[in-house]
Each structure stands twice: as C-alpha cells, then as structure tokens.
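Once you know that position 41 of the sequence shown is 40 in numbering that gives the first Met the number 0, the rest is easy, because the numbers rise by one and skip nothing.
Where is the CB? At the ideal position from N, CA and C, for every residue including glycine.
On a predicted model such as this, the values are computed, not experimentally measured, just so you know.
For reference, the structure is listed below as structure tokens.
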Amino acid sequence: MIRIAELGIGLGEALEPALQALATIYIDMTSNAQLFTILAVCETLADIVGGPIMAGLLSVGRSPGHPSRGLCFLFTAV
C-alpha cells in the first residue's frame with residue numbers, strides 16, 4: 000500500500016511540470032511569459048488561501064488531551 004501511495008504522489012508531483020511543458024508547446028512563443036505569470040499568480044494565491052484553510056481543517060477534532068477522531072483527515076480529503 001505504501002508503494003502504491005508513493006507512486007501516486009510521484010505522479011501528482013510530476014503532473015504540473017508535464018502540463019506546463021505541454022502548454023508551452025501548444026501556445027505561441029510570445030504568450031509563454033504571460034502563461035507562466037498567470038500560473039505563478041494562481042499558485043501564490045492558492046498557497047496564501049489554502050495554507051490557513053488546511054491548517055484549520057487539520058486542527059478539527061484535536062486537542063492536547065484528546066486524540067483525533069479522524070475528522071481532520073476526512074475534511075482535508077473532501
């Protein structure tokens with residue numbers, strides 16, 4: 000199961016560069032800079048918004064003297 004999970008993570012990490020490479024092939028050379036600028040802005044906004052949301056979701060159902068009920072993992076998966 001761990002090997003399958005590692006394979007999935009590897010494919011997920013390689014998906015973004017592969018899609019960027021395909022996009023540069025099919026888009027005009029003059030539009031490449033604009034494309035990568037838009038992608039960089041979207042990634043930055045996702046980090047700014049997604050980081051606090053994920054931190055909040057991971058803290059659901061947890062406290063110092065109370066074990067997790069698994070709700071945090073359920074919410075982050077959704």
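- For the pair of segments examined, the region 34-43 was found to touch the region 18-25: the number of CB pairs separated by less than 8 angstroms reaches three.
- Considering only PHE74, LEU6, GLU15, the residue with the shortest C-alpha distance to CYS41 is GLU15.
- Shown here, SER62 sits in a strand according to DSSP, grouped into three states.
- Between LEU38 and GLN19, the gap from beta carbon to beta carbon is short of 8 angstroms.
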